[in-house]
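See structure below.
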Ligand code: SF4
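In the numbering used here, the protein residues as written are 1211 to 1420.
This is the structure in structure tokens:
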């Protein structure tokens, strides 16, 4: 049984794949915050801006089998076809639920599979694109992948500590809070001074899509 908050077709807004059409599948639940406001201050991850509680979003629900979930994702892809089909498994923390059955089912439906994870749980190796976004105060288990996407700045979290990890791309993403303009400036400056890093902007928020 998979608990899914929402499934929707959009453009990937962040990271290296920004601008690429994809079906997002948001898994319910996270291991670093309950998702309830009254628990935010005590949470390991306290700056989350995503609603991952429950199964009541568009396309969300309980899916009894991997095939049914995979079909729901496939039904969102436009019938006009063209291009490699991409799904982004996100959350919450998707690795609390993602298993080899859903990976096999999605590959069976000709999807390239990306995952967005906080890196506290090892990712299944058959996943095609692994994006890890580490959170201060949690243990990083997944230390390799396609993309390390660091929200910046985070107190007590220096990007320098990640630069030796086995990721193909290193992305710095300004934190979206009341200091966003200053965060963008700081992240831009950091990338200019440390060219291993590239700036990742949340373009979906800029253009007003989910
Ligand atoms: S790890 Fe991700 S989903 Fe979980 S609380 Fe933090 S930002 Fe939100």
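From the three backbone atoms N, C-alpha and C, an ideal C-beta is built for every residue, glycine too.
What does residue 1327 pair with, by DSSP beta-bridge criteria? 1342
Which residue or residues does DSSP assign as beta-bridge partners of residue 1232? 1220
Do you know offhand how far residue 1416's Cα is from residue 1386's? One alpha carbon belongs to residue 1416, the other to residue 1386, and they sit about 12 Å apart.
Tell whether a beta-carbon distance below 9 Å holds between residue 1362 and residue 1390. No, they are not a contact pair.
What separation, rounded to the nearest whole angstrom, lies between the Cα atoms of residue 1397 and residue 1409? Pairing residue 1397 with residue 1409, the inter-Cα distance amounts to about 7 Å.
What is the rounded straight-line gap between the Cα of residue 1341 and the Cα of residue 1351? Taking the straight line joining both Cα atoms gives about 13 Å.
Are the beta-carbon atoms belonging to residue 1344 and residue 1358 less than 9 Å from one another? yes
Measuring only from the beta carbon, is residue 1324 closer than 8 Å to any heavy atom that is part of ligand 1? no
Beta-carbon separation (whole angstroms), residue 1319 vs residue 1356, contact threshold 8 Å: Incorrect: roughly 21 Å between the Cβ atoms, too far for contact.
Fully enclosed by the segment 1252-1334, which beta strand (DSSP E) runs are 3 residues long or longer? 1271-1273, 1295-1300, 1321-1327
So, helix, strand or coil for residue 1379, using DSSP? DSSP places residue 1379 in strand when its eight states are reduced to three.
Who are residue 1365's beta bridge partners in DSSP? None; residue 1365 has no bridge partner.
Are the CB atoms of residue 1233 and residue 1306 nearer to each other than 9 Å? no
Check whether the segment 1264-1273 touches the segment 1321-1328, taking contact to mean three or more Cβ pairs, one atom from each stretch, closer than 8 Å. Here the segment 1264-1273 does not lie against the segment 1321-1328, with fewer than 3 beta-carbon pairs under 8 Å apart.
Sorted by chain position, which residues of the same chain lie with C-beta nearer than 6 Å to residue 1243's C-beta, five sequence neighbours on each side aside? Setting aside the 5 residues that flank it on each side, residue 1243 is surrounded in the same chain by 1253, 1255, 1258, each with a C-beta closer than 6 Å to its C-beta; the list follows chain order.
According to DSSP, what are the bridge partners of residue 1407? 1380
Apply the 10 Å Cβ neighbour rule to residue 1236 and answer buried if 16 or more other Cβ atoms are within range, or exposed otherwise. With 16 or more Cβ atoms within 10 Å of its Cβ, residue 1236 is classed as buried.
If you reduce the DSSP assignment to three classes, tell me which class residue 1214 lands in. strand
C-beta atoms of residue 1203 and residue 1283 nearer than 9 Å: Within the shown structure, residues of the chain are numbered from 1211 to 1420, placing residue 1203 beyond reach of any answer.
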